[in-house]
Amino acid sequence: MTTLLDIVRSVDDPELPHVTIGDLGMVRSVAIDGRIARIRITPTYTGCPATEQIRADVEAAVTEAGYEPDVAFEMAPPWSTDDISPEGRAKLHAAGIAPALPAGDGPVSLDLPVECPQCGSRRTRLTSAFGATACKALHRCDSCRQPFESFKAI
Amino acid sequence: MTADLLTHVLRQGDRALVLSHRLAQWITHAPTLEEDVALANISLDLLGQARHLFTYAGEIEGKGHDEDHFAYWRDAAEFRNPLLVEQPNGDFAVTIARQVFHDQAALLYWESMTESTDATLAALAARARNETAFHLQHSAGWLIRLGDGTDESQRRAQAGVDAMWPFTLELLGADDEGALRADGLIGGSIETAWRAAVAGTLLEAGLRTPTEADQRAGGIHGTHSEHLEPLLEEMQQLARAHPGASW
Chain A
1 MTTLLDIVRS VDDPELPHVT IGDLGMVRSV AIDGRIARIR ITPTYTGCPA
51 TEQIRADVEA AVTEAGYEPD VAFEMAPPWS TDDISPEGRA KLHAAGIAPA
101 LPAGDGPVSL DLPVECPQCG SRRTRLTSAF GATACKALHR CDSCRQPFES
151 FKAI
Chain B
155 MTADLLTHVL RQGDRALVLS HRLAQWITHA PTLEEDVALA NISLDLLGQA
205 RHLFTYAGEI EGKGHDEDHF AYWRDAAEFR NPLLVEQPNG DFAVTIARQV
255 FHDQAALLYW ESMTESTDAT LAALAARARN ETAFHLQHSA GWLIRLGDGT
305 DESQRRAQAG VDAMWPFTLE LLGADDEGAL RADGLIGGSI ETAWRAAVAG
355 TLLEAGLRTP TEADQRAGGI HGTHSEHLEP LLEEMQQLAR AHPGASW
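First to last, the sequence lines map onto chains A and B.
Under our numbering, the first residue of the first sequence carries the number 1, and numbering increases by one thereafter.
Under our numbering, the first residue of the second sequence carries the number 155, and numbering increases by one thereafter.
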């Protein structure tokens, strides 16, 4: 049986269409109160421009399931790349994006070698800490000579 | 006058918004494509932090104002950002010097705010601290490369550091927020830690720490340089030309 939690979790991330917001660990809670469904989501970065779109997509999915959506964003505790599920990490890897290293509590150095998602080599270099979306960094693989993106550990 | 929590939140929100706009002015002008993307990303993070702070300012104020009100419908004299962030971009070295001074202060500020007794600010701080750590890694990395680079890049990096130094003291804490500190709403002074960290970065870059002289301040009290008004004019033009428009 598909639950409302499954439905909310299966909403695609607008900027990373190969993963869902459930894969990314952004869904904090789903509570049903009569006809109202209270959904709590955490943003990845404070300035992530996808949050408005995610809200609209979640509201549409909840409405289609027959509930009245009450969607709010929660900042605490902050989202971490450690919240990405094993399935999410596998999907990112399959899409050519290196999953984040473990983040732990504080900021993580970007100088640690990231494994190339194309050839598996660790002979890679950081090109830039900032990529096409707030959550990713740019790298270059010295073995297969291909550029690739990674999720920044945060 | 003692500053209240609303003033503190606006000072931080204005700091983030004004610097976000300055960095956005680099888009299509940065030295490399990667740098264009990097400055845009940092700008976007700062804009996100500003949006959260302005939304919270509206809740504290209790007059039904949203984030757009604070960004678009206040004039220069109502802005409370420190003077540093409104200074023009200059060449790339000026922008990087400004960014290192700012990012180091912002990182220490957000670290101290994770312990705030204000739950909203503490939650935002936990998020913003880690974003800011990436910003500082980027800006400090550039300052070290510029300072330790060619004669020309070192000359320009030192000129950037010297030009931005007079605006740093104001970044390190307001003189009227003692009551907020006593209540645990904001953290302790970041000045000692900032001076040590920035001295370390300048040393690694082979640059001189400027001598203390002629510090300029006033932005956090609403007295700005001539550079803020044109910036706001550009930023607020669309919202003011079409009030209430959405797209």
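Using N, Cα and C, we set each Cβ at its ideal position, and we do this for glycine too.
Out of B:T363, B:I298 and B:D302, which has the shortest C-alpha to C-alpha gap to P320 (chain B)? Translated into positions along the second sequence, residue 320 (chain B) becomes position 166. The option with the nearest alpha carbon to P320 (chain B) is B:T363.
Could you check if T124 (chain A) is buried or exposed, using at least 16 other CB atoms within 10 Å of its CB as the buried criterion? In the first sequence, the residue the question calls residue 124 (chain A) occupies position 124. With 16 or more Cβ atoms within 10 Å of its Cβ, T124 (chain A) is classed as buried.
What is the DSSP secondary structure of H139 (chain A), counted as helix, strand or coil? Looking up residue 139 (chain A) in the first sequence gives position 139. H139 (chain A) falls in the strand class under three-state DSSP.
Check each candidate in A:A76, A:D83 and A:C116 and name the one with the smallest Cα separation from A94 (chain A). On the first sequence, position 94 is the one that residue 94 (chain A) refers to. Out of A:A76, A:D83 and A:C116, A:C116 has the C-alpha closest to the C-alpha of A94 (chain A).
At 4 residues or longer, and completely inside the stretch 178–248 of chain B: list those alpha helix (DSSP H) runs for me, N to C. 187–215 and 221–226
H206 (chain B): which of A:E74, A:R35 and A:E68 sits nearest, CA to CA? In the second sequence, counting from the first residue as 1, residue 206 (chain B) sits at position 52. Closest by alpha carbon: A:E74.
Counting along the chain, where does the alpha helix (DSSP H) carrying A60 (chain A) start and finish? Against the first sequence, residue 60 (chain A) aligns to sequence position 60. T51 to E64 is the span of the alpha helix (DSSP H), which, as asked, contains A60 (chain A).
Residue interval of the beta strand (DSSP E) (run including F73 (chain A)): Position 73 of the first sequence, counted from the start, is the residue given in the question as residue 73 (chain A). F73 (chain A) -> beta strand (DSSP E) spans E68 to F73.
L132 (chain B) - containing alpha helix (DSSP H), residue span: Any answer about residue 132 (chain B) is impossible in this case: the structure gives chain B only from 155 up to 401.
Please list, in chain order, all residues of the same chain as R28 (chain A) whose beta carbon is under 7 Å from its beta carbon, the five residues on each side excluded. On the first sequence, residue 28 (chain A) is found 28 positions in, with the first residue counted as 1. Contacts found: R40, I41, T42 and E74.
Whole-angstrom C-beta distance between G212 (chain B) and D220 (chain B), which should lie under 8 Å: In the second sequence, residue 220 (chain B) corresponds to position 66, counting from 1. In the second sequence, residue 212 (chain B) corresponds to position 58, counting from 1. Right, their Cβ atoms sit about 6 Å apart.
Run through chain B and tell me which residues come within less than 7 Å of I154 (chain A), C-beta to C-beta. Counting from 1 along the first sequence, the entry for residue 154 (chain A) is found at position 154. Under the 7 Å cutoff, chain B gives N284.
G25 (chain A) to I196 (chain B) span [Cα, whole Å]: Start at 1 with the first residue of the first sequence, and residue 25 (chain A) comes out as number 25. Start at 1 with the first residue of the second sequence, and residue 196 (chain B) comes out as number 42. Computed Cα separation, rounded: 23 Å.
Are A247 (chain B) and L300 (chain B) touching if we call contact CB-CB under 9 Å? What you label residue 247 (chain B) is simply residue 93 of the second sequence in a count that begins at 1. What you label residue 300 (chain B) is simply residue 146 of the second sequence in a count that begins at 1. Their beta carbons are under 9 Å apart, which means A247 (chain B) touches L300 (chain B) by this criterion.
By DSSP's criteria, T124 (chain A) is part of a beta bridge. Which residues make up the other side? Taking the first residue of the first sequence as position 1, residue 124 (chain A) is located at position 124. Beta-bridge pairing links T124 (chain A) to A:C141.
Distance, Cα to Cα, L386 (chain B) vs E232 (chain B)? Here residue 386 (chain B) refers to the residue found at position 232 when the second sequence is read from its first residue. Here residue 232 (chain B) refers to the residue found at position 78 when the second sequence is read from its first residue. Answer to the nearest angstrom: the Cα atoms are 11 Å apart.
Any idea if P185 (chain B) is buried or exposed, counting beta-carbon neighbours within 10 angstroms, 16 or more meaning buried? One-based indexing of the second sequence puts residue 185 (chain B) at position 31. Result: exposed.
Does G34 (chain A) pass the burial test, meaning 16 or more other C-beta atoms within 10 Å, or should it be called exposed? Translated into the one-based positions of the first sequence, residue 34 (chain A) becomes position 34. By the neighbour-count rule (16 or more Cβ atoms within 10 Å), G34 (chain A) is not buried but exposed.
Out of B:L187, B:T377 and B:Q308, state which residue places its alpha-carbon closest to the alpha-carbon of R165 (chain B). Translated into positions along the second sequence, residue 165 (chain B) becomes position 11. When only C-alpha atoms are compared, the closest one is B:T377.
Taking C-beta pairs closer than 7 Å, name the residues in chain B that S128 (chain A) reaches, listed in chain order. Against the first sequence, residue 128 (chain A) aligns to sequence position 128. Under the 7 Å cutoff, chain B gives E188, V191 and A192.
At least 3 beta-carbon pairs within less than 8 Å: the stretch 215–229 of chain B vs the stretch 273–293 of chain B: no
Looking at C-beta atoms only, is the number of pairs between the stretch 331–341 of chain B and the stretch 252–269 of chain B that lie closer than 8 Å three or more? yes
Can you tell me which of the three DSSP states D316 (chain B) falls into? Reading the second sequence from its first residue, position 162 is the one you call residue 316 (chain B). If DSSP states are grouped into helix, strand and coil, D316 (chain B) belongs with the helices.
Exposed or buried, what is D168 (chain B) when buried is set at 16 or more other beta-carbons lying within 10 Å of its beta-carbon? Here the question's residue 168 (chain B) lines up with position 14 in the second sequence. Looking at its Cβ environment, which holds 16 or more other Cβ atoms inside 10 Å, D168 (chain B) is buried.
Straight-line gap, S143 (chain A) to P236 (chain B) (C-alpha atoms, nearest Å): Residue numbering aside, residue 143 (chain A) sits at position 143 when the first sequence is read from its first letter. Residue numbering aside, residue 236 (chain B) sits at position 82 when the second sequence is read from its first letter. Approximately 47 Å, taken between the alpha carbons.
Within 9 Å (strictly less), CB to CB, does A280 (chain B) reach chain A? Taking the first residue of the second sequence as 1, we reach residue 280 (chain B) at position 126. Closer than 9 Å: yes.
Please confirm whether any heavy atom of the ligand FMN lies closer than 8 Å to the CB of E358 (chain B). Absence of the ligand FMN from the depicted structure is noted, as is the absence of any ligand whatsoever, leaving it without description.
So, does the stretch 239–254 of chain B touch the stretch 303–316 of chain B, judging by three or more C-beta pairs under 8 Å? yes
Determine the burial state of D6 (chain A): buried for a count of at least 16 other Cβ atoms within 10 Å of its Cβ, exposed for fewer. Within the first sequence, the letter at position 6 stands for residue 6 (chain A). With fewer than 16 other Cβ atoms within 10 Å, it is exposed.
With distances taken between CB atoms, is the gap from W348 (chain B) to L326 (chain B) smaller than 9 Å? Reading the second sequence from its first residue, position 194 is the one you call residue 348 (chain B). Reading the second sequence from its first residue, position 172 is the one you call residue 326 (chain B). Closer than 9 Å, so yes.
For E15 (chain A), report the span of its alpha helix (DSSP H) as first-last. Taking the first residue of the first sequence as 1, we reach residue 15 (chain A) at position 15. Unbroken run through E15 (chain A): none, as it is neither H nor E.
Looking at G22 (chain A): is its Cβ nearer than 9 Å to the Cβ of G88 (chain A)? Indexing the first sequence from 1 puts residue 22 (chain A) at position 22. Indexing the first sequence from 1 puts residue 88 (chain A) at position 88. It is a contact, given that the beta carbons lie within the stated cut-off.
Distance, Cα to Cα, P113 (chain A) vs I84 (chain A)? Here residue 113 (chain A) refers to the residue found at position 113 of the first sequence. Here residue 84 (chain A) refers to the residue found at position 84 of the first sequence. P113 (chain A) and I84 (chain A): Cα-Cα distance of roughly 20 Å.
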